[in-house]
């Protein structure tokens, strides 16, 4: 622990508050809590933080009318229940002084040490910064808090305790504000508590969020539970007694607890499975706590001998713990009168960790192996937050990626060497590849699931063994974003595509600007350093690459940039204002450029079609057929039109959809397919309209190299007597 500025102490080394200061009862409770596990000098530091905070918040009241200092003290009490150290407790008492008073981070550091000041700063919101929206402010606040958490876990523990007390006292807020805070708690704070293994906190936050977000539903369900409680008390008592009698018969010493399920878990089950309350039978559960792991499995056998287990409802979280370190055996039994009974079996250490999660680092240190594994998993997750931050574009994107990972995973998949990865439900081969390593994800092309070759979008199941197949020149596909489930995969794919787009946009920007400079008698190579430096300074750009990327993505028009560069060049060289224009060459299109140059999906041009290029802001260059209706709508924006031509030879295939009207006779489709095959052409897709009597409509998507290739294919199909009419469709949809 670092040394802080001197604090008034007596000769015994214990803090002495000023004689005029009377400690209120709520702080007296906190003092009694911390006295059970902290040293006298630590308690003195906490009392000093209390007086400092009380003085700073003097005159401030909560919405309830209570003195504001009651809130920081309540937050510190929650943390004391987890046996956190004096630095965290001091930070809890001071956590609002930077936001709500004139106190600065430097003052806190001077009086209570740099670590305490960093903790307070990590918890504090960014209210002094102007944001475009409430959502952006929330996203940036969470980004800052989560990154502070990555360097010191106590930040999030203080924040969660702060949110818990606010939720407990939310009744004094306006209904609309209650709903907003409850939703935020349900989407962010409760999942973080769950991810860190703080089970009791997670359940209470869920319950309070449900109460304030859906007060009517909460009230109705509460009354239903009260009514059902009396009816089911006899059944529950009978089950509890039967378990307590059966376990000693197997020489098992155990503590058995009956518990009523939380309202929110019952409500969620009703919502997900579309059940009425009367259909949700298992509103009661039981917990069996035993001395060691071996006894857990013996107790499971005893209970399965007592009541029949429900097939498929057994989960072994001892052999394979959850990502947050949670360990327990779960089983569902058929009790008296056909009532389903959910039972959890765990050791005392597992129970501590299940309730306290990462806080058990401060609470319990008997089971070093379990704690080391839990701390390792938590550290890995915190490191993944830093990685997500470095690859996310902004705070909102970062928060989106984190939220994806916060909801608990239920799928456990293995590498061929037996290494296990926990992934969320619905995770795919791509998610697994990125979980192994970013480079593996970026280069993956397929996966073997249990030895069978499967596509990348295949969803994984518990126990699957996955082998990722990679290729040196493979790269992420934008389509992956539609089915990946983990935040890491989503962030890395976006990061790769963004970099690839900027690289391609920069190259395109150079070509566009070079073309735009020609009417001014210049090429890129002829623009002087003086002209470049002055232009970049004038438009506050960092370098030429940034300018070229902006042009390629349509954020700046090449004609305007070229004109200004030419003006600066003229001023420097003293050339005449009028320069004889040189003919501007067209941009050559290969069709393989990637994300910065896109072939319009509304008309799907292929080499040989007359084309025109249009700069679309933020998207780059879009290539349309010359007579495309969508392109015609943009004729008023002539400054965004670019002359483009097909390159003499291209090295890719282009999709074209044809609509055929044929006689409805047997074998016509085989004849059409044969004619296409004879012209060395691939068929991508075939579909037909419903029964149309004597005629049928067939839609065929082909892959051709250019317009002449397509013409040969169409000519071959026209030779088939049963083919009545052939039309080329422009765009993605079937023509009428």
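Residue numbers (UniProt numbering): 1 to 736. For every residue, glycine included, the Cβ atom is placed at its ideal position computed from N, Cα and C. Note that this is a predicted model, so its numbers are computed, not measured.
* Asked: Taking Cβ to Cβ, would you say residue 61 is nearer than 8 Å to residue 68?
  -> Translated into the one-based positions of the chain shown, residue 61 becomes position 61. Translated into the one-based positions of the chain shown, residue 68 becomes position 68. In contact: residue 61 and residue 68 (Cβ atoms closer than 8 Å).
* In chain order, what residues of the same chain lie with their CB nearer than 7 Å to the CB of residue 438, ignoring the 5 residues before and after it? -> As a working mapping, residue 438 is identified with position 438 in the chain shown. Counting only Cβ-Cβ distances below 7 Å, and skipping sequence neighbours, we find 492.
* Asked: Using the C-alpha atoms, what's the distance from residue 269 back to residue 275?
  -> Walking along the chain shown from the start, residue 275 turns up at place 275. Walking along the chain shown from the start, residue 269 turns up at place 269. Between residue 275 and residue 269, the C-alpha separation is close to 8 Å.
* Is there contact here, the segment 691-704 with the segment 662-671, by at least three beta-carbon pairs under 8 Å? -> yes
* In chain order, what residues of the same chain lie with their CB nearer than 8 Å to the CB of residue 344, ignoring the 5 residues before and after it? -> Taking the first residue of the chain shown as position 1, residue 344 is located at position 344. Excluding sequence neighbours, residue 344 sits near 285, 286, 287, 288, 328, 329, 330.
* Asked: Which residues does DSSP pair with residue 260 in a beta bridge?
  -> Within the chain shown, residue 260 is the residue found at index 260, counting from 1. DSSP lists 284 as partners of residue 260.
* Tell me whether residue 50 is buried or exposed, calling it buried when 16 or more other Cβ atoms sit within 10 Å of its Cβ. => The count along the chain shown starts at 1 and reaches residue 50 at position 50. It counts as buried.
* For the 8 Å Cβ check, are there 3 or more pairs between the segment 497-508 and the segment 526-543? -> no
* What span of residues does the alpha helix (DSSP H) with residue 629 cover, start to end? -> What you label residue 629 is simply residue 629 of the chain shown in a count that begins at 1. Counting along the chain, the alpha helix (DSSP H) containing residue 629 begins and ends at 629-632.
* With DSSP collapsed to three states, give me the class of residue 662. => Your numbering for residue 662 matches position 662 in the chain shown. Residue state, collapsed to three classes: strand.
* To do: Apply the 10 Å Cβ neighbour rule to residue 643 and answer buried if 16 or more other Cβ atoms are within range, or exposed otherwise.
  => As a working note, residue 643 is residue 643 in the chain shown. The residue is exposed, with fewer than 16 neighbouring Cβ atoms inside 10 Å.
* Asked: What separation, rounded to the nearest whole angstrom, lies between the Cα atoms of residue 486 and residue 434?
  -> Taking the chain shown and counting its residues from 1, the one referred to as residue 486 is at position 486. Taking the chain shown and counting its residues from 1, the one referred to as residue 434 is at position 434. Going by the C-alpha atoms only, they are around 9 Å apart.
* State the CB to CB distance for the pair residue 170 and residue 222, rounded to an integer number of angstroms; the pair is presumed to be in contact (CB under 8 Å). => As a first step, residue 170 must be located in the chain shown, where it is residue number 170. As a first step, residue 222 must be located in the chain shown, where it is residue number 222. About 17 Å; that fails the 8 Å criterion.
* **Alpha carbon of residue 520 to alpha carbon of residue 566, nearest angstrom** => If you number the chain shown from 1, residue 520 lands on position 520. If you number the chain shown from 1, residue 566 lands on position 566. Each residue's Cα considered, the two are about 7 Å apart.
* Exposed unless 16 or more other CB atoms sit within 10 angstroms - verdict on residue 495 -> Start at 1 with the first residue of the chain shown, and residue 495 comes out as number 495. Classification for residue 495: buried.
* Asked: Considering only C-alpha positions, which residue in the set 645, 89, 91, 672 is nearest to residue 687?
  -> Sequence index remark: in the chain shown, residue 687 carries index 687 (1-based). When each option's Cα is compared against that of residue 687, the closest is 672.
* So does the segment 191-203 actually touch the segment 151-162, counting three or more Cβ pairs closer than 8 Å? -> yes
* To do: Could you tell me whether the Cβ atoms of residue 308 and residue 266 are closer together than 8 Å?
  => Translated into the one-based positions of the chain shown, residue 308 becomes position 308. Translated into the one-based positions of the chain shown, residue 266 becomes position 266. Contact flag unset, no.
* Taking the alpha carbon of residue 514 as the point to measure from, which residue in 612, 616, 547, 530 has its own alpha carbon closest? -> As a first step, residue 514 must be located in the chain shown, where it is residue number 514. Here the closest residue by C-alpha is 547.
* Asked: Going by alpha carbons, who is nearest to residue 588 out of 530, 632, 553, 511?
  -> Here residue 588 refers to the residue found at position 588 when the chain shown is read from its first residue. The shortest Cα separation from residue 588 among 530, 632, 553, 511 belongs to 511.
* Any 3 or more C-beta pairs closer than 8 Å across the segment 527-537 and the segment 473-487 -> no
* Asked: At which residues does the beta strand (DSSP E) containing residue 412 begin and terminate?
  -> Taking the first residue of the chain shown as position 1, residue 412 is located at position 412. Unbroken beta strand (DSSP E) run through residue 412: 411-414.
* **Neighbourhood of residue 605 by C-beta distance below 7 Å, restricted to the same chain and skipping five residues each side** => What you label residue 605 is simply residue 605 of the chain shown in a count that begins at 1. The residues are 599, 611, 623, 624, 625.
* Proximity of residue 474 and residue 431 at Cβ, strictly below 8 Å -> The sequence position of residue 474 within the chain shown is 474, counting from 1. The sequence position of residue 431 within the chain shown is 431, counting from 1. No, the pair does not count as a contact, with Cβ atoms beyond the cut-off.
* Separation of residue 453 from residue 364, as counted between CA atoms -> Position 364 of the chain shown, counting from 1, holds the residue named residue 364. Position 453 of the chain shown, counting from 1, holds the residue named residue 453. Caution is warranted here: a pLDDT of 40 is assigned to residue 364, below 50, making its placement in the model unreliable, and the coordinate value is therefore given only provisionally. Each residue's alpha carbon lies about 46 Å from the other.
* Among 648, 185, 291, 199, which has the Cα closest to the Cα of residue 208? -> Numbered from its first residue, the chain shown carries residue 208 at position 208. The shortest Cα separation from residue 208 among 648, 185, 291, 199 belongs to 185.
* To do: Rounded to whole angstroms, what's the CA-CA distance from residue 258 to residue 240? Just pull it up for me.
  => Numbered from 1 along the chain shown, position 258 holds the residue referred to as residue 258. Numbered from 1 along the chain shown, position 240 holds the residue referred to as residue 240. Rounded to whole angstroms, residue 258 to residue 240 spans 7 Å at the Cα level.
* Asked: Leaving out the 5 sequence neighbours to the left and right, which residues in its chain are closer than 7 Å to residue 34 when beta-carbon positions are compared?
  -> The residue you call residue 34 lines up with position 34 of the chain shown. Contacts found: 43, 46, 80, 89.
* Asked: If you count every other CB in all the chains shown that lies within 10 Å of the CB of residue 657, and 16 or more means buried, which is it?
  -> Taking the first residue of the chain shown as position 1, residue 657 is located at position 657. The residue in question, residue 657, is buried, as its Cβ has 16 or more Cβ neighbours within 10 Å.
* Short check: CB of residue 168 to CB of residue 212, under 8 Å? -> Numbered from 1 along the chain shown, position 168 holds the residue referred to as residue 168. Numbered from 1 along the chain shown, position 212 holds the residue referred to as residue 212. Cβ distance not < 8 Å, so residue 168 and residue 212 don't count as in contact.
* How long is the line joining the alpha carbons of residue 424 and residue 411, rounded to whole angstroms? -> As a first step, residue 424 must be located in the chain shown, where it is residue number 424. As a first step, residue 411 must be located in the chain shown, where it is residue number 411. Each residue's Cα considered, the two are about 6 Å apart.
* To do: Determine the direct distance from the alpha carbon of residue 107 to that of residue 40, and round the result to whole angstroms.
  => Taking the chain shown and counting its residues from 1, one reaches residue 40 at position 40. Taking the chain shown and counting its residues from 1, one reaches residue 107 at position 107. Using only the alpha carbons, I get a separation of about 24 Å.
* Once you ignore the five residues that flank residue 53 on each side, which residues in its own chain have a CB closer than 7 Å to its CB? -> Looking up residue 53 in the chain shown gives position 53. 69, 72, 93, 94, 97, listed in sequence order.
* To do: Could you name the residues of the same chain whose beta carbon sits closer than 7 Å to that of residue 413, not counting the 5 residues immediately before and after it, in chain order?
  => Within the chain shown, residue 413 is the residue found at index 413, counting from 1. Cβ neighbours of residue 413 beyond the five flanking positions: 421, 423, 432, 460, 464, 466.
* Could you have a look at residue 543 and say whether DSSP puts it in helix, strand or coil? => The residue labelled residue 543 in the question sits at position 543 within the chain shown. In the structure shown, residue 543 sits in coil (DSSP, three-state: anything other than H, G, I, E or B).
* Alpha carbon to alpha carbon, what distance is there between residue 630 and residue 676? -> Sequence index remark: in the chain shown, residue 676 carries index 676 (1-based). Sequence index remark: in the chain shown, residue 630 carries index 630 (1-based). Looking at the two C-alpha atoms, the distance is approximately 30 Å.
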